[in-house]
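The structure under discussion appears below in the form of structure tokens.
In this note's numbering, the protein residues as written are 10 to 354.
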């Protein structure tokens, strides 16, 4: 191994780590607000990448059918929950947000797909199609279990993952897709070419992380989410709805996952099941961060990306094993430091 190879591996590790950082931050956000270890976070990545690839090819993505179906299911569930005090304004809000919005987005996709409007417009349409899945999934699968234990919520998350995996195969097929990069320009950095796509990934990751910092520190909604994460009962007492906080957290997680899918679509071939492995690496970083600390989570994600890059050079057949093994000493160390309590009968 010489210095040129090291620089190439560092570049790959930082780019991968940037994507894992976004996913890990989304996992920490969802867990802090709702106590859900959201296993299918990586499905947003795969759905967004495959949706963007379909739009770039001039095809209507299958996700439009999923969006319409899940929106209708959310509407039925909400009508059932509100049956005792349903009024016309509530009915209009449910039909508008859960039925009319998915149908409108599906219509836009049908009109826009054959036009092949370009990468920027298709990326925006991809985000519009994928992001609403977050609040819908929360309302269908997790809001009814809001007071359940973390273990029950984890089992529900695994069930959602399996459902989304099967739906991904049904709507996108088993083929893998990859789109051309936004730009083929490359900057020579010490003899190592750094592609424009790599610089875009890093720049947008930093911009999004800074935006999240401002959101949580400067906006009323961000402070409400922090309050709900710190003390759910106290937040409820001061008028912060746990349901609103959960929907917002899942929506932000879907936005982060969809943006990650848009960023990596030109970098690697994505299949319907690729998101699970990508999400697991973000999960490793989130666990190292304790599912609490955002800065530590981002630093851990960069470490995971670098470990993966160098492992692929030294032992490519075992790179996944090596990445997931990183979590073991962290868990052992935390187990030794934590105080154990006996369960009461």
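We put the CB at the ideal spot given by N, CA and C, even for glycine.
>> For the alpha helix (DSSP H) containing residue 338, name the first residue and the last one.
In response: Its alpha helix (DSSP H) spans residues 336-346.
>> For residue 49 and residue 265, what's the separation of their Cα atoms in angstroms?
In response: Approximately 13 Å, taken between the alpha carbons.
> Which term fits residue 14, buried or exposed, when burial requires 16 or more other beta carbons within 10 angstroms of its beta carbon?
Replying inline: Classification for residue 14: exposed.
> Given that a residue counts as buried once 16 or more other Cβ atoms are within 10 Å of its Cβ, and exposed if not, what is residue 44?
Replying inline: Burial is judged here by how many other beta carbons sit within 10 angstroms of a residue's own beta carbon; residue 44 has at least 16 and is buried.
> DSSP state of residue 91, grouped into three classes?
Replying inline: It is coil, neither helix nor strand.
> For residue 249, does the three-state DSSP call read helix, strand or coil?
Replying inline: Coil.
> For residue 139 versus residue 72, is the C-beta spacing smaller than 8 Å?
Replying inline: Cβ atoms of residue 139 and residue 72: closer than 8 Å.
> Mapping DSSP to helix, strand and coil, what is residue 196?
Replying inline: Residue 196 falls in the strand class under three-state DSSP.
>> For residue 154 and residue 161, which I take to be in contact (beta-carbon distance under 8 Å), what is that distance rounded to the nearest angstrom?
In response: In this structure residue 154 is in contact with residue 161, their Cβ atoms being roughly 6 Å apart against a cut-off of 8 Å.
>> Buried or exposed for residue 197, going by 16 or more other Cβ atoms inside 10 Å?
In response: Residue 197 should be labelled exposed.
> Apart from the five residues just before and just after residue 167, which ones in its own chain have a Cβ nearer than 7 Å to its Cβ?
Replying inline: Excluding positions up to five away in sequence, the list reads 48.
> Around the C-beta of residue 326, are 16 or more other C-beta atoms found within 10 angstroms, so that it is buried, or is it exposed?
Replying inline: Exposed, since its Cβ has fewer than 16 Cβ neighbours within 10 Å.
>> Taking contact to mean 3 or more Cβ pairs, one atom from each stretch, closer than 8 Å, check whether the region 84-97 and the region 61-72 are in contact.
In response: No, they do not touch.
> What is the C-beta distance between residue 22 and residue 298, in whole angstroms, given that I count them as a contact (C-beta under 8 Å)?
Replying inline: With 8 Å as the limit, residue 22 and residue 298 do not qualify as a contact, their Cβ atoms being about 18 Å apart.
> Nearest CA to the CA of residue 119: which residue from 69, 216, 127?
Replying inline: Out of 69, 216, 127, 69 has the C-alpha closest to the C-alpha of residue 119.
> Taking the alpha-carbon positions, what's the residue 152 to residue 322 distance?
Replying inline: Counting only the Cα atoms, residue 322 lies some 44 Å from residue 152.
> Okay, do the region 24-42 and the region 299-310 touch, 3+ Cβ pairs below 8 Å being the bar?
Replying inline: Taking 8 Å as the limit for Cβ pairs, the verdict is that the region 299-310 does touch the region 24-42.
> If you count every other CB in all the chains shown that lies within 10 Å of the CB of residue 204, and 16 or more means buried, which is it?
Replying inline: A residue is called buried when at least 16 other Cβ atoms come within 10 angstroms of its Cβ; residue 204 meets this threshold and is buried.
> When the Cβ atoms of the region 104-117 are set against those of the region 220-231, are three or more pairs found closer than 8 Å?
Replying inline: The region 104-117 vs the region 220-231: no contact.
> Can you name the residues that DSSP bridges to residue 111?
Replying inline: Beta-bridge pairing links residue 111 to no other residue.
> To the nearest angstrom, how far is it from the Cα of residue 236 to the Cα of residue 243?
Replying inline: Cα-Cα distance, rounded: 8 Å.
> Once you ignore the five residues that flank residue 224 on each side, which residues in its own chain have a CB closer than 7 Å to its CB?
Replying inline: So the qualifying residues of the chain are 231.
>> Here's a check: name, in chain order, each residue in its chain whose Cβ is nearer than 7 Å to the Cβ of residue 252, leaving out the five neighbours to either side.
In response: In the same chain as residue 252, and ignoring 5 residues on each side of it, the C-beta atoms closer than 7 Å to its own belong to 152, in chain order.
>> Here's the rule I'm using: 16 or more other beta-carbon atoms within 10 Å means buried, otherwise exposed. How should residue 101 be labelled?
In response: Residue burial annotation: residue 101 is exposed, with fewer than 16 other C-beta atoms found within 10 angstroms of its C-beta.
> Can you tell me where the alpha helix (DSSP H) with residue 170 in it begins and where it stops?
Replying inline: Its alpha helix (DSSP H) spans residues 159-181.
> So is the beta-carbon of residue 120 under 7 Å away from any non-hydrogen atom of the ligand SAH?
Replying inline: As presented, the structure is devoid of all ligands, the ligand SAH included, so that no description of it is given.
> For residue 324 versus residue 53, is the C-beta distance shorter than 8 Å?
Replying inline: Contact annotation: residue 324 and residue 53 have beta-carbon atoms that are not nearer than 8 Å.
> Which word fits residue 175, buried or exposed, when buried means at least 16 other C-beta atoms lie within 10 angstroms of its C-beta?
Replying inline: Answer is exposed; the Cβ neighbour count stays below 16.
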